[in-house]
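Counting in UniProt numbering, the sequence shown runs from 1 upward without gaps. Working notes, structure below.
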Amino acid sequence: METQRRIITSCSSMAALFVFMTALIASCSSITATPTQSFEDNFNIMWSENHFTTSEDGEIWNLSLDNDTGCGFQTKHMYRFGWFSMKLKLVGGDSAGVVTAYYMCSENGAGPERDEIDFEFLGNRTGQPYIIQTNVYKNGTGNREMRHSLWFDPTKDYHTYSILWNNHQLVFFVDRVPIRVYKNSDKVPNNDFFPNQKPMYLFSSIWNADDWATRGGLEKTDWKKAPFVSSYKDFAVEGCRWKDPFPACVSTTTENWWDQYDAWHLSKTQKMDYAWVQRNLVVYDYCKDSERFPTLPWECSISPWA
Numbered sequence: 001m002e003t004q005r006r007i008i009t010s011c012s013s014m015a016a017l018f019v020f021m022t023a024l025i026a027s028c029s030s031i032t033a034t035p036t037q038s039f040e041d042n043f044n045i046m047w048s049e050n051h052f053t054t055s056e057d058g059e060i061w062n063l064s065l066d067n068d069t070g071c072g073f074q075t076k077h078m079y080r081f082g083w084f085s086m087k088l089k090l091v092g093g094d095s096a097g098v099v100t101a102y103y104m105c106s107e108n109g110a111g112p113e114r115d116e117i118d119f120e121f122l123g124n125r126t127g128q129p130y131i132i133q134t135n136v137y138k139n140g141t142g143n144r145e146m147r148h149s150l151w152f153d154p155t156k157d158y159h160t161y162s163i164l165w166n167n168h169q170l171v172f173f174v175d176r177v178p179i180r181v182y183k184n185s186d187k188v189p190n191n192d193f194f195p196n197q198k199p200m201y202l203f204s205s206i207w208n209a210d211d212w213a214t215r216g217g218l219e220k221t222d223w224k225k226a227p228f229v230s231s232y233k234d235f236a237v238e239g240c241r242w243k244d245p246f247p248a249c250v251s252t253t254t255e256n257w258w259d260q261y262d263a264w265h266l267s268k269t270q271k272m273d274y275a276w277v278q279r280n281l282v283v284y285d286y287c288k289d290s291e292r293f294p295t296l297p298w299e300c301s302i303s304p305w306a
């Protein structure tokens with residue numbers, strides 16, 4: 001997963017935070033997905049089953065990383081379009097070099113032609129903030145990173161991270177707040193940037209990435225602090241489940257809310273929240289990196305507000 005190593009400092013005022021949180025509390029979402037059954041009903045362990053544990057009631061799932069290996073799981077089913085949501089509590093304390101990933105991918109491995117939609121949570125030294133990196137791949141091509149800081153400590157409690165995916169847009173949400181909008185366009189005959197054809201599994205994993213994850217690889221994982229544990233609960237999905245050989249979601253319809261007009265654009269309240277995020281929490285945006293991209297990718301010209 002390619003990364004941008006140059007981090008641009010961002011800051012926010014307490015006044016802006018107050019305005020944002022007031023708007024957030026007043027907002028009302030029409031998204032009603034509820035948690036779905038047990039871990040076994042939804043997921044398979046990908047590797048290192050001995051690094052996976054659950055709470056006594058089975059409702060919390062823990063992935064651990066040590067100097068031997070990490071751990072990961074994936075959905076049993078593939079989906080094409082929908083709403084995908086999970087609550088995570090990230091590794092606390094000194095988590096430099098550790099990446100907790102929550103993502104969708106069209107393949108079980110990092111194949112050269114994969115489509116992918118990424119949340120990556122980049123650990124840091126004690127007392128420094130977590131950074132969320134998001135990325136989008138189409139047919140194996142990524143390099144579309146954004147990085148955001150957060151308005152809370154994601155290690156203290158569970159927070160909800162969600163993806164809305166339809167043929168018109170991808171929206172990354174944190175606690176129902178849209179932090180990134182990635183639009184499609186029918187003006188491009190050979191779409192090489194928006195993943196809209198291939199069904200995807202949903203994955204979560206924890207792994208060591210101290211060659212790049214924290215300050216461009218300058219901060220290494222302190223294995224004396226291991227095991228590093230990220231926790232998950234309340235997986236919720238409302239999406240079109242892919243069933244071969246005749247999948248119902250081979251073409252889009254407007255039968256489901258995630259494919260209807262209101263899901264093609266941000267609502268008025270979501271636009272207010274998104275504007276606050278853009279002003280205060282964006283750490284890096286590839287669409288503003290003219291040094292890396294002398295000619296910006298075509299999709300950077302598409303307005304997220306439309």
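The beta carbon of each residue, even a glycine, is placed where N, CA and C say it ideally should be.
* To do: State the DSSP-derived secondary structure class of Arg80, mapped to helix, strand or coil.
  => Collapsing the DSSP output to three states places Arg80 in a strand.
* **C-beta atoms of Ile117 and Leu150 nearer than 8 Å** => no
* Asked: The alpha helix (DSSP H) with Asn42 in it runs from where to where?
  -> Phe39 to Asn42
* Beta carbon of Gly239 nearer than 8 Å to that of Phe84 -> yes
* Asked: Got a sec, what are the start and stop residues for the alpha helix (DSSP H) Asn280 sits in?
  -> Element bounds for Asn280: Lys268 to Asn280.
* To do: Could you spell out the range, first to last residue, of the beta strand (DSSP E) harbouring Gly239?
  => It spans Phe228 to Arg241 - the beta strand (DSSP E) in which Gly239 sits, taken as one unbroken run.
* To do: Would you kindly work out how many angstroms separate the C-alpha atoms of residue 322 and Thr69, rounded to a whole number?
  => Since the first residue of the chain shown is 1 and the last is 306, residue 322 is not available in this structure.
* Have a look at Phe152, Ser205, Ala306 and Gly127 and flag the residue whose alpha-carbon is nearest the alpha-carbon of Gly109. => That would be Ser205, whose Cα lies nearest to the Cα of Gly109.
* Rounded straight-line distance, which links the Cα of Ala96 to that of Glu255 -> 45 Å
* Asked: Near Thr53, what residues of its chain come up, given a Cβ to Cβ distance below 7 Å and the 5 sequence neighbours on each side ignored?
  -> Asn62
* Asked: Should the stretch 133 to 152 be called in touch with the stretch 160 to 180, which here means at least 3 C-beta pairs below 8 Å?
  -> yes
* Asked: Got a sec? Which residues, its chain only, sit under 6 Å from Tyr286 by beta carbon, not counting five neighbours each side?
  -> Arg144 and Glu145
* Asked: In this structure, does DSSP put Glu116 in helix, strand or coil?
  -> strand
* **Closest Cα partner of Leu65 within the set Tyr79, Phe194, Gly123 and Glu56** => In this structure, Gly123 is the residue among Tyr79, Phe194, Gly123 and Glu56 with its C-alpha nearest to the C-alpha of Leu65.
* Report yes or no: do three or more beta-carbon pairs, one from the stretch 185 to 194 and one from the stretch 71 to 86, lie closer than 8 Å? => no
* Asked: Quick one: Cα of Ser231 to Cα of Glu59, how far?
  -> 10 Å
* Apart from the five residues just before and just after Arg114, which ones in its own chain have a Cβ nearer than 7 Å to its Cβ? -> Excluding the 5 residues flanking it on each side, Arg114 has same chain C-beta neighbours closer than 7 Å at Cys105, Ser106, Glu107, Tyr137 and Gly140, in chain order.
* Asked: How about Asp94 and Asp210: do their beta carbons lie closer than 8 Å?
  -> no
* Close-in-space but distant-in-sequence residues of the same chain around Glu299 (CB under 6 Å, 5 per side omitted) -> Phe193
* Asked: How many Å lie between Tyr201 and Phe235 at the Cα?
  -> 13 Å
* Since Trp47 sits in a beta bridge, which residues does DSSP pair it with? -> According to DSSP, which records beta bridges pairwise, Trp47 is partnered with Gly72.
* Within 10 angstroms of the Cβ of Val250, are there 16 or more other Cβ atoms? Answer buried if so, exposed if not. => exposed
* If you drop the 5 nearest sequence neighbours on each side, which residues of the same chain put their C-beta closer than 7 Å to that of Lys198? -> Ser106 and Asp115
* To do: Go ahead and pull the three-state DSSP assignment for Trp257.
  => helix
* Could you spell out where the beta strand (DSSP E) holding Phe173 opens and where it closes? => Gln169 to Val174
* Does the Cβ of Gln260 have 16 or more other Cβ atoms within 10 Å, making it buried, or fewer, making it exposed? -> For Gln260, the number of other beta carbons within 10 angstroms of its own is below 16, and it is reported as exposed.
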